[in-house]
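Residue numbers (this note's numbering), protein chains in the order written: chain A, -16 to 308; chain B, -16 to 308.
Even glycine gets a Cβ: it sits at the ideal position worked out from N, Cα and C.
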């Protein structure tokens, strides 16, 4: 008899969850059967996104927030997403450091993730891992990302409440705001608030918020909270701000709409990632892509025509449209 | 008779280039015909990547570097890539600011880009724009990115020489190094070198480099240069370091291998992006995806089974394999 990962995970087995997550990261097809079985049991966890520049103290703050949430008797999952190194892979070191600090509490599950280097795969994989932790019974899942790139914006788009962590002295705060990252934040966290410049930064953010009130397409006015992560100061207030945002989402009806949009994007992403994987594997098998690249380098063909040829030949969408209707 | 964008661009028309780039950004299919025609005329420009945290002074440094390169009589293109805002789009303000500073020199062409919000689309679009500027006759193309996410790593992977800009006081420098960003740098730039802590940062980087000499899979030992961008100090030395790296690539044979790998990745990326466009359009037409999402939200189906169903129906790999062989 086959080992039943779905039942095991629903009963709270972290070992079974860890195995399934590894399969997901490796794009192992065995994962899908269990993910399909787990899916109806997901959607219960509340998802918090924590993002901000490297050095902003996100890891420490995430840990303290997790402990704070535990005080309410809620189970917590943490997904730490590191941008991958193209050569050495990313998350391993961070993983070990984090585990040692929080591993005393069995109800906090931490997973670090690094990309496997394939396009867009990180957002899909993060969504998958969220669902596994959700099925595992976690009440709150915190996704922590490093950096402010497009991939991070996509990943953080999974969250119900997004916290942007800023710190005084980390260059010009307005710089990161210019980059358009401000609009994704539901809660601004001024971390290391005991440092010089914290009050000014806080005032700057508030000023920008009142100025740009129109750019956030909802009626929610982002909250600003000050914390000192390492000293556990302001963490309760941060957790309260997150709960205020949750209440807002639930009472305004935005919650359902947000989840609908997320399901829409995730479904699209899943289909695309799976299609690309199949096409990539087919192109790479037997050195077919290698030959095409040699032809391109020798000027015998160009990648634009190749791209159009591959897509038109490999996708039989008209048939699928018939089937689906 | 149709307007011949390819000939116009090869003759140096910045207007024709700007139009073609807009089509590429909009994923307008008209672009591909001209890109296919231009492709054989590309591959001549040398590509420099400039990356680092927001606030590191990359824009100023890029401008000064461009002016320095112009002194050698070389034509320069600058592509400034901003992480997109999911709501308002990114690059417009930066674009205007930059144009006013360098627009006096007609041989410096600047283009700011923001994502249109699609996965991996930014890297593909940046590669496309590099080729347009290459065909336009630019000798050196500088790609400047904000942030340290996976998208930026992909974009910067297009460059022949990658410069990582660090500044003293911008949080813990070791933080960004932990994130695996160090391995992508061919030249480290300690900018704002007149600030407190610059010497220490420089020593730290040199220390890490001698420690981690094994992680960079090439015989190139990254160079470390100090600059004060706003005062134009050290920019000539930075340009010399870039030229040293170029000589190394050309003499060691790495240059061809690097271009081959880039072509390989770019071809894959093009197919990835084009697939997504096809998938998105097919699923969105007639509200098909909307209906599937409603079913998923109501628990009637799960996205994993849907994904596998769509992929198995749409993919005609056997036929494509026959065609390609």
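query	result
On the three-state DSSP scale, how would you describe residue 141/A?	coil
Using CA coordinates, which residue listed in 22/A, 10/A, 268/A and 13/A is at the minimum distance from residue 284/B?	22/A
So which residues of chain D does residue 286/B contact, with C-beta pairs closer than 8 Å?	Looking at the structure shown, chain D is missing, and the protein chains on hand are A and B.
Under three-state DSSP, which class holds residue 292/A?	helix
Report buried or exposed for residue 101/B, applying the criterion of at least 16 other Cβ atoms within 10 angstroms of its Cβ.	Low confidence applies to residue 101/B: its pLDDT is 46, below 50, so where it sits in the model is not reliable, and the reading given next is rough at best. Residue 101/B is buried by the Cβ-count criterion.
Does any C-beta atom of chain A lie closer than 8 Å to the C-beta of residue 279/B?	yes
Could you compute how far the alpha carbon of residue 293/A sits from the alpha carbon of residue 254/B?	7 Å
What first and last residue would you give for the alpha helix (DSSP H) that runs through residue 13/A?	13 to 21
So is residue 117/A buried or exposed if we call it buried at 16+ other beta carbons inside 10 Å?	buried
Sort 252/B, 171/B, -13/B and 204/B by Cα distance to residue 218/B and report the nearest one.	171/B
With distances taken from CA atoms, which of 152/A, 121/A and 108/A is nearest residue 139/A?	108/A
Taking CB distances under 8 Å as the criterion, tell me whether residue 96/A reaches chain B.	no
Using the Cα positions of residue 251/B and residue 15/B, report the straight-line distance between them to the nearest angstrom.	16 Å
Going along the chain, which residues of its own chain have a beta-carbon closer than 7 Å to the beta-carbon of residue 24/B, five neighbours each way excluded?	-7 and 118
Report the residues of the stretch 104 to 122 of chain A with a CB closer than 8 Å to any CB of chain B, ordered along the chain.	105 and 106
Under a three-way DSSP split, which group does residue 95/A fall into?	strand
For residue 63/B, which beta-bridge partners are listed by DSSP?	95/B and 127/B
Just to confirm before moving on: does the CB-CB distance between residue 111/A and residue 144/A stay below 8 Å?	no
Between the stretch 268 to 280 of chain B and the stretch 233 to 253 of chain A, do at least 3 Cβ pairs fall closer than 8 Å?	yes
Buried or exposed for residue 87/B, please, with buried defined as at least 16 other CB atoms from any protein chain shown within 10 angstroms of its CB.	exposed
Answer yes or no: does any C-beta atom of chain A fall closer than 8 Å to that of residue 282/B?	yes
DSSP three-state call for residue 206/B: helix, strand or coil?	strand
Can you tell me whether residue 186/A is buried or exposed? The criterion is at least 16 other CB atoms within 10 Å of its CB, across all chains shown.	exposed
Going along chain A, which residues have a C-beta under 8 Å from residue 218/B?	In chain order: nothing, as chain A lies at least about 20 Å away.
In the stretch 254 to 271 of chain A, which residues sit with their C-beta less than 7 Å from some C-beta in chain B, listed in chain order?	254, 255, 257, 258, 259, 261, 262, 263, 265 and 271
Just to make sure I have the definition right: I need the residues of chain A whose C-beta is within less than 7 Å of the C-beta of residue 19/B. Which are they?	285, 287 and 288
Closer than 7 Å by C-beta to residue 209/B: which residues in its own chain qualify, once you throw out the five before and the five after it? Chain order, please.	173, 176, 181, 185 and 217
From the DSSP secondary-structure annotation, give me the bridge partner or partners of residue 225/A.	None, per the DSSP bridge assignment.
Measuring alpha carbon to alpha carbon, tell me which of 91/B, 279/B, 63/B and 43/B ends up nearest residue 54/B.	91/B
Going by other Cβ atoms of all chains shown within 10 Å of its Cβ, with 16 needed for buried, is residue 2/A buried or exposed?	buried
Go through its chain and collect everything with a Cβ distance to residue 30/B's Cβ below 7 Å, but skip five positions before and after it.	113, 124, 126, 141, 142 and 143
Relative to the alpha-carbon of residue 115/A, which residue among 50/A, 27/A and 226/A has its alpha-carbon at the smallest distance?	27/A
So which residues of chain A does residue 298/B contact, with C-beta pairs closer than 8 Å?	258, 261, 262, 297, 298 and 299
Among 149/B, 9/B, 12/B and 34/B, whose alpha-carbon lies nearest the alpha-carbon of residue 211/B?	149/B
Since residue 35/A and residue 41/A should fall inside the 8 Å C-beta cutoff, what is the C-beta to C-beta distance between them, to a whole number of angstroms?	5 Å
Verify the CB distance criterion: does residue 36/B have a CB-CB separation below 8 Å to chain A?	yes
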